[in-house]
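**Student:** The structure's right below; bear with me while I get my questions together.
There are 4 protein chains.
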Amino acid sequence: MHAKTYVTVRYAETDRMGVAHHANYPIWFEVGRTDFIKLFGTSYSEMEAEGMMTPLRNLSAHYLLPALYEDKLIIRTWCTNMTAARIEFSYTVKRINPDGTETELCYGSTEHGFVDAKTFRPCNAKKRMPELYDKMNRNIKIFD
Amino acid sequence: MHAKTYVTVRYAETDRMGVAHHANYPIWFEVGRTDFIKLFGTSYSEMEAEGMMTPLRNLSAHYLLPALYEDKLIIRTWCTNMTAARIEFSYTVKRINPDGTETELCYGSTEHGFVDAKTFRPCNAKKRMPELYDKMNRNIKIFD
Amino acid sequence: MHAKTYVTVRYAETDRMGVAHHANYPIWFEVGRTDFIKLFGTSYSEMEAEGMMTPLRNLSAHYLLPALYEDKLIIRTWCTNMTAARIEFSYTVKRINPDGTETELCYGSTEHGFVDAKTFRPCNAKKRMPELYDKMNRNIKIFD
Amino acid sequence: MHAKTYVTVRYAETDRMGVAHHANYPIWFEVGRTDFIKLFGTSYSEMEAEGMMTPLRNLSAHYLLPALYEDKLIIRTWCTNMTAARIEFSYTVKRINPDGTETELCYGSTEHGFVDAKTFRPCNAKKRMPELYDKMNRNIKIFD
């Protein structure tokens, strides 16, 4: 179970090297997470409204080939691990070529902590959002 | 009375045209406002902590010459008008050349409303922050 | 004749005020222009490959209501004027509400010069790209 | 031997979580690299003018504590490895507290390939820029 997100490279996302600047990929990963959460019938907006946030702890990205202005990209997002305290996602970013084939440009992963929206201190996602936690956890086991 | 802010063009701020992307100028204007407010012994952080925010209503920018990667820029920020409901700023962005002379690259202005941080509805800055309001207002009259 | 562009507000596009930062709107305008040019069977990439660029001269934006994270937006882009030396676009940004109605959040305009990609000096778009120029110019006359 | 870069968190760099968005750190790392290269009497601009570029291959970042709007940050940049084909940098991002002490917020590393500016294919930095290569390489050995 993974989310598919479609992005077209924006002019503002390019740099003077003529390619999409590498700092955009973490942003595209995040757009992927937004779509992933929606697969479970909720959203980051709702999670934050419930008082839980998921700040980034660790980020890694591996760049294979550059993305160019107007390139059509597909970001795939998976949840690779989840505990009451943390959640991990993996991503691939591929260019959709004019002939429909895909070329991998970048892959990466992020690890997030669950924190209370007001105190920014760790909170227990399993207790805080038991329904969502169970739903997501089941899907990791089945689809990973 | 105006603020002087020094910025060096970042690689990530360039685009495939090889120049600083135009969407960075409103961000540099904002860095200028941050410094301008500090001239009055307070800060945006403190204003927002007091429950008042100043979202943008109108933006205009006029681009004369491009800024390049690693260019040293100076942003000058003035307050050009202020009422209990609104505040206006003007800006110039100039390149500091190696010989110390300056070349104007862009000028612009922004107009902001005063709103309550929680409700996002208009609030009266004169009543909300009378001391800051008086201090800023005097400086507009004297220095404009 | 105008382009319709769909954008969903990204988390990275929000600021600590809880709304989409105003500097994103010029970027969304630009995404709109990208789509507008495509209506004429060409693209910015191709125009730049032909040696012509269109740096921004003037930008104005008027903000009515804030856009929030995950809001679905529609950007409409028109060409409002065009000469051999310059081109102007207008934009509206509206939120698509869950019931399908639209709420205007921002409108604005941009004016661009035609310049040579290598020298960055003004060039004559009518001579440089006569076919595209005629095609676009007819559409302004008919649809404006 | 390392570069020290001072950055103040911009309003536009915050997100609705109220902290600096994580995608800014790779940009701050890059500002650190720009300053690091300058320690060797050259610049990225000059390297690119010489026809060599250094696109990112790998990025990692580890986030310990959030940075807030108006926080004063110091980025330290080291070169940790260098061959004719690749170069690696490490970074720390620390908040400079009002009392002058520093608090680590983030650390990370980047790995870059040397490529030809026109073909984007790997090039030999040792042959392409022997003087700079030797100068940097000596400093890794001595100061690492």
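Chains as they are written, first to last, in our numbering: chain A, 1385 to 1528; chain B, 1385 to 1528; chain C, 1385 to 1528; chain D, 1385 to 1528.
Quick reminder that beta carbons are idealized off the backbone N, C-alpha and C, glycines included.
Because the structure is a prediction, the values reported are computed rather than measured.
1) If you pair each beta-carbon of the region 1434-1442 of chain C with each one of the region 1476-1496 of chain C, do three or more pairs fall below 8 Å?
2) Determine the direct distance from the alpha carbon of A:T1464 to that of A:F1527, and round the result to whole angstroms.
3) Beta-carbon within less than 7 Å of D:Y1517's beta-carbon, same chain only, minus the 5 sequence neighbours each way: which residues are those?
4) So for B:I1526, helix, strand or coil by DSSP?
5) So, is the C-beta of C:T1392 closer than 8 Å to a C-beta in chain D?
6) Between C:R1400, C:I1459, C:M1385, C:F1420, which lies nearest to D:L1452 when the distance is taken from Cα to Cα?
7) Once the 5 residues before and after B:F1504 are set aside, which same chain residues still bring their CB inside 8 Å of it?
8) For the alpha helix (DSSP H) that C:V1415 lies in, which residues bound it at each end?
9) So who's on the other strand from C:G1425, going by DSSP bridges?
10) Can you tell me the Cα-Cα spacing of D:A1469 and D:M1520, whole angstroms?
11) Helix, strand or coil for B:K1519 per DSSP?
12) Since D:I1459 and D:V1415 are thought to touch, with beta carbons under 8 Å apart, how far apart are those beta carbons, to the nearest angstrom?
13) At a CB-CB cut-off below 8 Å, which residues of chain B make contact with D:E1454?
14) Quick one: Cα of A:H1406 to Cα of A:D1500, how far?
15) Note down the Cα distance separating C:W1412 from A:Y1475, rounded to an integer number of angstroms.
16) For D:F1420 and D:K1388, what's the separation of their Cα atoms in angstroms?
17) What residue range does the beta strand (DSSP E) around A:K1456 cover?
18) Using a C-beta to C-beta distance shorter than 7 Å, which residues of chain B count as neighbours of A:T1398?
19) From A:I1471 to D:V1403, what does the alpha carbon distance come to, in whole angstroms?
20) Return no unless some Cβ of chain D is closer than 8 Å to the Cβ of B:I1480.
21) Could you give the DSSP three-state label for C:E1434: helix, strand or coil?
22) Where does C:A1396 land, buried or exposed, given buried means 16+ other C-beta within 10 angstroms?
23) For A:P1450, tell me which candidate among A:C1507, A:R1522, A:C1490 has the shortest Cα-Cα distance.
24) Below 8 Å on the Cβ atoms is my contact criterion, and I expect C:V1391 with C:L1457 to pass it. Report the Cβ-Cβ distance as a whole number of Å.
25) Apart from the five residues just before and just after C:P1514, which ones in its own chain have a Cβ nearer than 7 Å to its Cβ?
26) Kindly list the residues whose CB is nearer than 7 Å to the CB of A:E1432, restricted to its own chain and excluding five residues on each side of it in sequence; keep chain order.
27) Note down, in chain order, every chain F residue with its Cβ under 7 Å from the Cβ of B:I1411.
28) Using a Cβ cut-off of 7 Å, which residues of the region 1429-1445 of chain C contact any Cβ in chain B, in chain order?
29) When the Cα of C:P1482 is compared with those of C:W1462, C:M1466, C:E1454, C:P1506, which residue comes out closest?
30) Does chain A have any CB closer than 8 Å to the CB of C:Y1475?
31) Could I get the ranges of all uninterrupted alpha helix (DSSP H) runs contained in the region 1460-1516 of chain A, with 4 residues as the minimum, in chain order?
32) Skipping 5 residues on each side, what residues in its chain have a beta carbon closer than 7 Å to that of C:Y1409?
33) Just confirm the distance between the C-beta atoms of B:L1423 and B:M1385, as a whole number of angstroms; I'd bet it's less than 8 Å.
34) So, is the C-beta of D:E1414 closer than 8 Å to a C-beta in chain B?
35) Let me know the secondary structure DSSP gives A:A1396 once reduced to three states.
36) Just the Cα atoms here: how many angstroms apart are D:E1434 and D:S1427?
**Tutor:** Based on what the coordinates show:
1) Enough Cβ pairs lie closer than 8 Å, so yes.
2) At A:F1527, the pLDDT of 46 sits below 50, so the modelled position is not reliable and the matter cannot be decided from this model.
3) Non-local C-beta neighbours of D:Y1517 in its own chain, meaning closer than 7 Å and more than five positions away in sequence, comprise A1509, K1510, ordered along the chain.
4) Unreliable placement is indicated for B:I1526, whose pLDDT of 48 sits below 50; the coordinate value is still reported in the next sentence. Looking at B:I1526 - three-state DSSP - the assignment turns out to be helix.
5) So no, C:T1392 is outside the interface.
6) Nearest C-alpha to D:L1452: C:R1400.
7) Only M1437, P1439 meet the Cβ criterion.
8) Looking at the DSSP string, the run of the alpha helix (DSSP H) that includes C:V1415 is 1408-1422.
9) DSSP, once it has assigned bridges, lists no residue as partnering C:G1425.
10) Near 14 Å, if we compare the C-alpha coordinates of D:M1520 and D:A1469.
11) In the three-state scheme derived from DSSP, where H, G and I count as helix and E and B as strand, B:K1519 is classed as helix.
12) So it is a contact: roughly 7 Å between Cβ atoms.
13) In chain order: T1418, S1427, Y1428, S1429.
14) The straight-line gap from Cα to Cα measures roughly 30 Å.
15) Between C:W1412 and A:Y1475, the C-alpha separation is close to 25 Å.
16) One alpha carbon belongs to D:F1420, the other to D:K1388, and they sit about 8 Å apart.
17) Bounds of the beta strand (DSSP E) holding A:K1456 are 1456-1466.
18) By Cβ distance, chain B contributes D1399, R1400.
19) When rounded, the distance between both Cα atoms is 20 Å.
20) No, B:I1480 does not count as interfacial toward chain D.
21) Coil, per DSSP.
22) Buried, since its Cβ has 16 or more Cβ neighbours within 10 Å.
23) Answer by Cα proximity: A:C1490.
24) Their Cβ separation, rounded to whole angstroms, is 5 Å, which keeps C:V1391 and C:L1457 in contact under 8 Å.
25) There are no such residues.
26) Non-local beta-carbon contacts of A:E1432 in its own chain, meaning distances under 7 Å to residues more than five positions away in sequence, involve A1501 in chain order.
27) Of the chains in the structure shown, none is chain F; the protein chains are A, B, C and D.
28) If the cut-off is 7 Å between Cβ atoms, the region 1429-1445 of chain C has M1437, P1439, L1440, R1441, N1442, L1443, S1444, A1445 near chain B.
29) With distances taken between Cα atoms, C:P1482 lies closest to C:E1454.
30) No Cβ of chain A is located within less than 8 Å of the beta carbon of C:Y1475.
31) Here the runs fully enclosed are 1509-1512.
32) Taking C:Y1409 as the centre and dropping the five residues before and after it, the same chain places the C-beta of A1445, V1477, C1490, G1492 closer than 7 Å to its C-beta, in chain order.
33) At roughly 7 Å, the Cβ-Cβ gap stays under 8 Å, so B:L1423 and B:M1385 are in contact.
34) Output row for D:E1414: interface = yes.
35) Helix at A:A1396.
36) Computed Cα separation, rounded: 11 Å.
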